[in-house]
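Peer 1: My questions will all concern the structure given below.
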Amino acid sequence: MSKRWYVVHVYSGMEKSVHKALVERIERAELQEAFGRILVPSEEVVEVKNGKKSITERRIYPGYVLVEMALTDETWHLVKSTPRVTGFLGGSGNRPAPISEREVEKLLSQMEEGVEKPRHKVLFEVGELVRVKDGPFADFNGNVEEVNYEKNKVRVTVTIFGRATPVELDFDQVEKT
């Protein structure tokens, strides 16, 4: 049986429980041969709360689960009748459209990258006013001049003795005002 990837629409926030339910239902129906992997696309993000860094998981596509399966009436019905599943994305009625291998590979590499190097949850914009909360410029306010997501750094212009001075800081050294 050749398996393709399908996008399943689920209740937002219920991705993990749908994943678990699908795995259990597939085993009960003894359809393991017709199914491959079931993925909840997510990545790790760094969050700073009350000055403490924590790594949390963020859904890349909230409300969606990827299912690798050989599409038959039986497999379609098993997925469609799973609690908290609203249906398949794309296609028509009982003939959903699979997504391309290229799209799946792109998603898998994005998930892998998120595990290796967690992305920051806070996004900074050029021109935005921020407050430096750590380091020699603590308690200074400044404008974001440049954002480098690869290195998790921002260049902020702070005013020191009446002069605008650019300073390069880590994401966790600044906060939005």
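When we follow the numbering used here, the leftmost residue of the sequence shown carries the number 775, and every step to the right adds one. Even glycine gets a Cβ: it sits at the ideal position worked out from N, Cα and C. For clarity, every value in this text was computed on a predicted model and none was experimentally measured.
1. With DSSP as the reference, label S786 as helix, strand or coil.
2. Within the stretch 881 to 947, note down every full alpha helix (DSSP H) run reaching 4 residues or more, in order along the chain.
3. Cβ atoms of L943 and V906: under 8 Å apart, would you say?
4. What are the boundary residues of the alpha helix (DSSP H) that includes E807?
5. DSSP state of R858, grouped into three classes?
6. Provide the residue span of the beta strand (DSSP E) that contains R869, from first to last.
7. Taking 8 Å as the threshold, find out whether the stretch 857 to 864 comes into contact with the stretch 904 to 918 through three or more Cβ pairs.
8. Kindly indicate which three-state DSSP category V814 falls into: helix, strand or coil?
9. Give the straight-line distance between the Cα atoms of P872 and T951, rounded to the nearest whole angstrom.
Peer 2: Quick look at the numbers:
1. Taking the first residue of the sequence shown as 1, we reach residue 786 at position 12. If DSSP states are grouped into helix, strand and coil, S786 belongs with coil.
2. DSSP runs (the alpha helix (DSSP H)) wholly in the stretch 881 to 947: none.
3. Along the sequence shown, one-based indexing puts residue 906 at 132. Along the sequence shown, one-based indexing puts residue 943 at 169. Taking 8 Å as the cut-off, the Cβ atoms of V906 and L943 count as close.
4. Taking the first residue of the sequence shown as 1, we reach residue 807 at position 33. No residue range can be given for E807, since it is assigned to no alpha helix (DSSP H) and is classified by DSSP as neither H nor E.
5. The residue given as residue 858 occupies position 84 in the sequence shown. DSSP places R858 in coil when its eight states are reduced to three.
6. Reading the sequence shown from its first residue, position 95 is the one you call residue 869. Premise fails: R869 is in no beta strand (DSSP E) and is neither H nor E.
7. Contact between the stretch 857 to 864 and the stretch 904 to 918 is absent, because fewer than three Cβ pairs lie under 8 Å.
8. The residue labelled residue 814 in the question sits at position 40 within the sequence shown. Coil, per DSSP.
9. Looking up residue 872 in the sequence shown gives position 98. Looking up residue 951 in the sequence shown gives position 177. Their Cα atoms are separated by approximately 45 Å.
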